[in-house]
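In our numbering, each residue carries its 1-based index in the sequence shown increased by 2.
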Amino acid sequence: MKELTDSYDDFQDAGVLRSRLASDGYLFFRGLLPREVVADVHEQLARILYDSDWLARDADPRELVASGRAVEEGSAGFFGAYTAIQSTEAFHRLAVRPELLELAGRLLGEEAFAHPAHICRIAPPSPGANPTPIHQDYRFIQGSVDTLTTWLPLSAAPPEIGGLRVLAGSPRLGVLPVKASDGPGMMRAEADENHPEWRTTSYQPGDVLLFGSLTVHGAMPNRTKQLRLSADVRYQALSAPMARDLLGTGKPHYHPDVPDFSTLTRGWTSTDCVEVPAGVRFVDRWDPRVDDVPTPPSRFAYA
């Protein structure tokens, strides 16, 4: 599989970044976030997983060695640990790091904000868990086609632990049809799993992978004995529409299995990182399983 192109040296050049995003459908930045900030989040989440018996008792929690009690996302036994993670202020504050807000605003050409539903992915070893199937975010997020996703590794993620892969150039395919699948999201985009333009890398905490909502991407199987920790955060322009649903209207990921933010944020120093700015325009959702979805025009002029 090909290596991701590192755009770190072009971080300040909006023209180069927009052109590369339009061409490749993704931007990768090695070491964009301070490692110590990500390490603090990693340690807090590892402690939660250890206290929830998801980690081996005879290993350092920070090594994320899985116990037999680690379960697949959304299954029975998942939501106790996940609620504790969603209650962790430091995890949510990653979404409003200045590096990420600045990057989103630079690409979108105006002020951007983070969607409140910040997702933590906890990937147990396979075959006990199904990796996220290849998909495009647009069917799930809806609202603006120019909503951007950042994927943040919270632990080291070489290919064998199931890091993310992206299909370079895939936004040019438009909105693809889908079929039912196992794994988070339960839908798989009808794209070529063996296409030569699939790309990945050996991720480290502090790296940032950004892609558009039409970019085909997915996780790889975790073939180690460790859990993989990562975060998904979405950004959009203040002027763009946002889909009206349980997540887009200010609810946490996996609500109502996870309590609302008024419960999760008790004792926090601030809740600004999980709030939708005033004045955002909401639109209704459509059924993400429908076959034919027109491809909306994008400011990134995928071509």
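Yeah, the Cβ is synthetic: ideal placement off N, Cα and C, and Gly gets one too.
For the pair of segments examined, the stretch 117–129 was found not to touch the stretch 171–182: the number of CB pairs separated by less than 8 Å stays below three. If you look at Thr202, you'll find it in the beta strand (DSSP E) that goes 200–202.
Nearest to Ala245 by alpha-carbon distance, out of Phe284, Asp262, Phe31, Glu277, is Phe284.
Here Arg37 carries a helix assignment [DSSP, helix/strand/coil].
A residue is called buried when at least 16 other Cβ atoms come within 10 angstroms of its Cβ; Glu75 meets this threshold and is buried.
When C-alpha distances from Ser241 are compared across Gln88, Leu19, Glu112, the shortest belongs to Glu112. Taking Arg167 as the centre and dropping the five residues before and after it, the same chain places the C-beta of Met3, Trp200, Arg201, Thr202, His219, Gly220, Met222 closer than 7 Å to its C-beta, in chain order.
Going by DSSP, Val285 is part of the beta strand (DSSP E) stretching over 284–286.
By the Cβ neighbour-count rule, His94 is buried, with 16 or more other Cβ atoms within 10 Å of its own.
Ala48 is the residue among Arg190, Phe115, Ala48 whose C-alpha sits nearest the C-alpha of Arg123. It is roughly 14 Å from the alpha-carbon of Glu101 to the alpha-carbon of Asp11. Taking a cut-off of 8 Å for Cβ pairs, the stretch 259–276 and the stretch 176–193 do not touch, as fewer than three such pairs fall below it.
Non-local C-beta neighbours of Asp55 in its own chain, meaning closer than 8 Å and more than five positions away in sequence, comprise Ser69, Arg71, ordered along the chain.
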